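This report refers to the structure that appears directly beneath it.
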Amino acid sequence: MDRIKRISNEVMNEYSERFGTDFATNKQSLNEISIVRSKGLKNKIAGYITKILQRKAKFEERKQMLIDNEKKSQERKQSRSKKPEVESDEDTASIEIVGGVEDPHTDEGIRHVTEEPGSETETTASEEKSTAEEIVDESKSE
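Set out below in structure tokens:
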């Protein structure tokens with residue numbers, strides 16, 4: 028097997044632009060470049076070259092996907108930071124006073140404190156995911 032790897036690497040170093048991820052075209056290019064008398068050896072060399080180039084292509088694709096995911100997460104963080112912040116607690120909470128009934132814990136007639144429907148206190152699970160979790164999820168789906 029070392030002979031196949033050595034020959035494949037030598038051919039790839041000199042003629043890398045002629046080879047691609049398709050076995051048939053790599054085999055044809057190998058016929059044009061060199062003389063290999065053994066059909067089996069020729070197939071093994073062309074197969075090894077194809078395998079190496081497919082691995083490189085897959086690696087580049089994953090690398091680009093990671094870069095794209097990182098850009099998306101940065102954009103999400105920026106869009107979240109641009110949302111207007113609430114300036115006072117009076118804007119977010121409404122106080123409901125029940126007439127004549129006093130709360131045993133306070134001196135006032137405050138009965139119930141609720142959040143206004145416009146205020147958002149919860150974030151969705153997708154916003155909380157980090158880049159690493161997204162990568163793990165994507166790799167599981169493949």
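All residue numbers for the sequence shown refer to my numbering, where the first residue is 28 and numbers rise by one. For each residue, glycine too, the CB sits at the ideal point set by N, CA and C. Note that this is a predicted model, so its numbers are computed, not measured.
Among S56, D29 and R30, which has the Cα closest to the Cα of Y42? S56
Nearest-angstrom Cα separation, counted from N53 out to I31: 15 Å
When DSSP labels each residue in this structure, what does V63 get in the three-state scheme? coil
Let me check understanding here. Comparing Cα to Cα, which of T48, N58, E44 and L68 lies closest to R33? L68
Within the chosen definition, does the segment 57 to 64 reach the segment 86 to 104 through at least 3 CB pairs nearer than 8 Å? no
Taking just the CA atoms, how far does K78 sit from R45? 15 Å
Where does A73 land, buried or exposed, given buried means 16+ other C-beta within 10 angstroms? buried
Take the Cβ of E143 as the centre, count every other Cβ of all protein chains shown within 10 Å, and call the residue buried at 16 or more, exposed below. Reliability fails at E143, whose pLDDT of 48 lies under 50, so the model's placement of it is uncertain and no value is given.
Bounding residues of the alpha helix (DSSP H) (the contiguous stretch that carries E37): D29 to Y42
Per DSSP, what kind of secondary structure is G47 in: helix, strand or coil? coil
How about N58: is its Cβ closer than 7 Å to a heavy atom in the ligand COA? For the ligand COA, the structure offers nothing, since it holds no ligand at all.
When V38, E37 and N70 are compared against A51, the one with the closest alpha-carbon: N70
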